[in-house]
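Here's the structure we're looking at; comments come further down.
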Amino acid sequence: MSRNSRTVLIAGGGITGLTAGLALARAGFRVDLFEQAEGFETIGAGLQLSPNALAVLDGLGLLHRIKTVAVGPTAIRVMSATSGREIVRIPLGHHAVERYGRPYLVIHRADLQQVLASACADDPDVTLHMAASVDDVAAHANGVTALVNQGSQMTEFSGIGLVAADGVWSRLRNVHFDARPSVYSGLAAWRALIAAERLPGSQDMESVQLWLAPNAHAVSYPVRHGQHLNVVVVLAALQAPQGWTDRGEVGELRQALAGWSPAFAGLLDHKARWTRWPLHAAPRLRRWSEGPTALAGDAAHAMLPFAAQGAAMGIEDAAVIARCLKAAHENGGDASAAFAAYEGERRRRAARAGRLALANRYLYHLPRPLDLARNLAMQAIGGRRLLARQDWLYGWKPAP
Ligand SMILES: Cc1cc2nc3c(=O)[nH]c(=O)nc-3n(C[C@H](O)[C@H](O)[C@H](O)COP(=O)(O)OP(=O)(O)OC[C@H]3O[C@@H](n4cnc5c(N)ncnc54)[C@H](O)[C@@H]3O)c2cc1C
-10 MSRNSRTVLI AGGGITGLTA GLALARAGFR VDLFEQAEGF ETIGAGLQLS
40 PNALAVLDGL GLLHRIKTVA VGPTAIRVMS ATSGREIVRI PLGHHAVERY
90 GRPYLVIHRA DLQQVLASAC ADDPDVTLHM AASVDDVAAH ANGVTALVNQ
140 GSQMTEFSGI GLVAADGVWS RLRNVHFDAR PSVYSGLAAW RALIAAERLP
190 GSQDMESVQL WLAPNAHAVS YPVRHGQHLN VVVVLAALQA PQGWTDRGEV
240 GELRQALAGW SPAFAGLLDH KARWTRWPLH AAPRLRRWSE GPTALAGDAA
290 HAMLPFAAQG AAMGIEDAAV IARCLKAAHE NGGDASAAFA AYEGERRRRA
340 ARAGRLALAN RYLYHLPRPL DLARNLAMQA IGGRRLLARQ DWLYGWKPAP
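Residue numbers for the sequence shown follow our numbering, so the first one is -10 and each next one is one higher.
Structure, rendered in structure tokens:
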């Protein structure tokens, strides 16, 4: 492939954009990746990485590096947030590896981004442009030209196609696909990292704990080799907090969690910086691709985090985009054909993951007394069968 005929542009250096950059480079393309931020964030929170996402990252040769910074939980323990008792235990650890061929890991988002960014930086076929915002893109006979704002100057970059992985508030989606803004769910996620050394020895640092209460839920799990406990509480919030860094007052959270067992509420007594994240979903789009431009990750299908699959879907998108572009290139097709094939392959699965997240939203937040019936039903089904219900999701693997 000549240099010009193999350059792909990517807008956005989040998990989706970086994975797409690497996957495309491994598929024989050259990549110019633009990230509007000056550097990759070191703050942030945890991510659960399910086996379907790890199948892609393993294929890119990153599993070993990810394991050095991630934690492999032995189970998801579904807990009653009011009594503090375990409702059911869904086995992970070696069960996940035996069932899906890859582990189920939990990781700090910044650690994953760092692994991906350094793999991109090490790849001679990927150029990372930081502090570079893609302001617009135009399609033409040879592909696309993007207008990139690099502070003091506007520069044009050309490629055979552009992947817009610019997140839930995607500018490129709004300009070229659908002007509707993302939809606020009426929920906010309160997130904090608590240093393990501040926690009592009895704190569970082996599993993901999912705490269910009427009208709210929380998730806690270790990250960074167990040096921190990642804690997320999801509550109704009439007004959307601003951006990803809105400071949350722990007093307000304590009040909202009155009636929760000290087994969870005790975590609020430890020093931590709480931030509040608005939970948005992308509007349902008529199209994800338009000629040589395609949306990917949250820009295409941002979903509520109740299935812990937003980043996983973006990672899967990246693998499919790279395979479709490679196949089109080998068969004399162009990026438009490749992106249409990508969209055709991905829409149904991402929508199904989004529907699971919506269903979990109602299941996790059931009010009294329906929550008691839910707890009994989960116990009756049992942890192994609850895991088996996710086979369609966690068992996905990228085509060779
Ligand atoms: C509380 C919570 C918990 C979650 N837990 C999980 C989980 O456990 N597992 C999971 O898989 N997912 C989870 N998610 C979802 C996951 O965080 C997102 O789906 C994922 O991070 C989206 O990645 P992305 O790269 O598509 O978008 P983003 O992470 O939003 O990245 C977009 C990037 O594009 C950049 N950008 C924007 N506009 C431009 C532009 N014009 N030019 C250049 N750059 C631009 C931005 O600066 C940003 O870096 C969770 C989400 C929340 C809110």
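Quick reminder that beta carbons are idealized off the backbone N, C-alpha and C, glycines included. These figures come from a predicted structure and were not determined experimentally.
Asked                                                                                                                                                                          : Found
Determine the burial state of P113: buried for a count of at least 16 other Cβ atoms within 10 Å of its Cβ, exposed for fewer.                                                 : exposed
Kindly give me the distance between the Cβ atoms of L224 and A205, rounded to whole angstroms, as I take these residues to be in contact under 8 angstroms.                    : 5 angstroms
Comparing the CB of R338 with every heavy atom of ligand 1, is any distance shorter than 7 angstroms?                                                                          : no
If you follow the alpha helix (DSSP H) that D111 is in, where does it begin and where does it stop?                                                                            : R98 to D111
Using 10 angstroms around the beta-carbon of W277, count the other beta-carbons present and answer buried if the total reaches 16, otherwise exposed.                          : buried
In its own chain, which residues sit with a C-beta less than 6 angstroms from the C-beta of L314, not counting the 5 before and 5 after it?                                    : A327
Helix, strand or coil, according to DSSP, for I370 in the structure here?                                                                                                      : helix
Between R180 and ligand 1, is there a pair consisting of the residue's CB and a ligand heavy atom that are separated by less than 7 angstroms?                                 : yes
At a cut of 8 angstroms, does the segment 13 to 28 reach the segment 274 to 294 through at least three beta carbon pairs?                                                      : no
Confirm, please, whether the CB-CB distance from I310 to V45 is below 8 angstroms.                                                                                             : no
Taking the continuous alpha helix (DSSP H) assigned at S147, which residues delimit it?                                                                                        : No alpha helix (DSSP H) holds S147; the beta strand (DSSP E) holding it covers M143 to G148.
Alpha carbon to alpha carbon, how far is V20 from V137? Give it in angstroms, no decimals.                                                                                     : 15 angstroms
I need the boundaries of the beta strand (DSSP E) containing D124, first residue and last residue.                                                                             : S122 to H129
Less than 7 angstroms separating the Cβ of A0 from some heavy atom of ligand 1?                                                                                                : yes
Buried or exposed for T144, please, with buried defined as at least 16 other CB atoms from any protein chain shown within 10 angstroms of its CB.                              : exposed
Can you tell which of F23, H214 and L347 has the C-alpha that lies nearest to the C-alpha of Y110?                                                                             : This sequence places Ala at residue 110; Tyr is not what is there. Cα-wise, what sits closest to A110 is F23.
Between which residues of its own chain and L242 is the CB-CB distance below 7 angstroms, once the five residues before and five after are set aside?                          : W179, V222, L257 and W263
Tell me the DSSP secondary structure of M(-10) in three-state form.                                                                                                            : Its pLDDT being 49, under 50, M(-10) is placed unreliably by the model, and the measurement read from it follows with that caveat. M(-10) falls in the coil class under three-state DSSP.
Sorted by chain position, which residues of the same chain lie with C-beta nearer than 8 angstroms to M(-10)'s C-beta, five sequence neighbours on each side aside?            : Per-residue confidence for M(-10) stands at a pLDDT of 49, beneath the threshold of 50, marking its modelled position as unreliable; the derived number appears in the next sentence. Counting only Cβ-Cβ distances below 8 angstroms, and skipping sequence neighbours, we find G17, F18 and H318.
In the DSSP assignment, find the alpha helix (DSSP H) that holds Q244 and state where it starts and stops.                                                                     : V239 to A245
Name the DSSP bridge partner or partners of F23?                                                                                                                               : A0 and H118
Label Q142 either buried or exposed according to how many other C-beta atoms from any shown protein chain fall within 10 Å of its C-beta, with 16 as the threshold for buried. : exposed
Measuring straight from C-alpha to C-alpha, what distance separates P387 and G240?                                                                                             : 45 angstroms
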